[in-house]
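Chemist: Using this note's numbering, the first residue of the sequence shown is number 20, and each one after it goes up by one.
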Amino acid sequence: MKITKEARRTSRQLFRACIANGKLDDASVRKVVSTVASSKPRGYIGILDAFARLVANEVDRQRAAVESATALAPATQSELQASLSKKYGRPLTLEFSVNPELLGGIRVKVGSDVWDGSVKARLKALSDSLSA
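(1) Are there three or more Cβ pairs, one per stretch, closer than 8 angstroms when the region 128-148 is compared with the region 76-91?
(2) Going by Cα to Cα distance, which pick from Ala-46, Ala-71 and Ser-150 is closest to Arg-27?
(3) When DSSP builds the beta bridges, which residues end up paired with Leu-43?
(4) In the region 44-109, which residue ranges form an unbroken alpha helix (DSSP H) of at least 4 residues, counting only runs that do not cross its ends?
(5) Looking only at its own chain, which residues have a Cβ that is under 8 angstroms from the Cβ of Leu-122, when we skip the five neighbours before and after it?
(6) Report, in whole angstroms, the separation of the C-beta atoms of Asp-66 and Val-55, which I expect to be a contact under 8 angstroms.
(7) When burial is assigned at 16 or more other CB atoms within 10 Å of the CB, is Val-51 buried or exposed?
(8) Skipping 5 residues on each side, what residues in its chain have a beta carbon closer than 7 angstroms to that of Leu-33?
(9) Indicate the three-state DSSP secondary structure (helix, strand or coil) for Lys-143 in the structure shown.
(10) Quick check on DSSP: helix, strand or coil for Ala-131?
(11) Using only alpha-carbon positions, find the residue among Trp-134, Lys-59 and Leu-43 that is nearest to Asn-76.
(12) Excluding the 5 residues flanking Thr-29 on each side, which residues of the same chain have their C-beta closer than 6 angstroms to its C-beta?
(13) On a Cα-Cα basis, can you pick out the residue from Glu-120, Pro-110, Ala-90 and Gly-62 that is closest to Asn-40?
(14) By how many angstroms is the C-alpha of Ser-150 removed from the C-alpha of Lys-105?
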């Protein structure tokens, strides 16, 4: 669905109004959505769609998905949490999961950034370089 520049601009303004202390405020997001949905300004569907995309991107930026071949020790988890928070300059919520298909190593995804240090990725890269 194509939205107008005005709707995109309005959604960005609403999104900026929901940021408090560098973090997305859940109560403000709920209030914005209910207010826009009830008042139904021109292009409100486009506004809400663009706003939802901005909110989803921000939530992804504040969350890190960590996959490992085996369960990580609590000390390793806290060290990883500290180093990622330091790298991004903001506190991150880490979600740890076990994926035996990785064979070894870890894969970390923060927003659109992906660091893949798994054995599976290295084997795939080797296979691709040999087949080329």
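A virtual CB, placed ideally from N, CA and C, is assigned to each residue, including glycine.
Modeler: In short, the structure shows the following:
(1) Judged by Cβ distances under 8 angstroms, the region 128-148 makes contact with the region 76-91, as three or more pairs qualify.
(2) Within the sequence shown, residue 27 is the residue found at index 8, counting from 1. Among Ala-46, Ala-71 and Ser-150, the Cα nearest to that of Arg-27 is on Ala-71.
(3) Numbered from its first residue, the sequence shown carries residue 43 at position 24. DSSP, once it has assigned bridges, lists Ile-38 as partnering Leu-43.
(4) 45-58, 63-80 and 93-107
(5) The residue labelled residue 122 in the question sits at position 103 within the sequence shown. If we look at Leu-122 and ignore the five residues flanking it on each side, its Cβ neighbours are Ala-88, Ser-137, Val-138, Lys-139 and Leu-142.
(6) Mapped onto the sequence shown, residue 66 falls at position 47. Mapped onto the sequence shown, residue 55 falls at position 36. It is worth fixing the name first, because residue 66 is Ile in this sequence and not Asp. So it is a contact: roughly 6 angstroms between Cβ atoms.
(7) Taking the first residue of the sequence shown as 1, we reach residue 51 at position 32. Val-51 should be labelled buried.
(8) Within the sequence shown, the letter at position 14 stands for residue 33. Val-51 and Phe-70, listed in sequence order.
(9) Numbered from its first residue, the sequence shown carries residue 143 at position 124. The answer is helix: DSSP assigns Lys-143 an H, G or I state.
(10) The residue you call residue 131 lines up with position 112 of the sequence shown. Reading off the sequence shown, one finds Ser at residue 131, where the question assumed Ala. Looking at Ser-131 - three-state DSSP - the assignment turns out to be coil, as it is neither helix nor strand.
(11) If you number the sequence shown from 1, residue 76 lands on position 57. Nearest option by C-alpha distance: Leu-43.
(12) Along the sequence shown, read from residue 1 onward, the residue named residue 29 stands at position 10. The answer, listed in chain order, is Ile-66.
(13) Within the sequence shown, residue 40 is the residue found at index 21, counting from 1. For Asn-40, the nearest C-alpha among the options comes from Pro-110.
(14) In the sequence shown, counting from the first residue as 1, residue 105 sits at position 86. In the sequence shown, counting from the first residue as 1, residue 150 sits at position 131. The alpha-carbon atoms of Lys-105 and Ser-150 are separated by roughly 39 angstroms.
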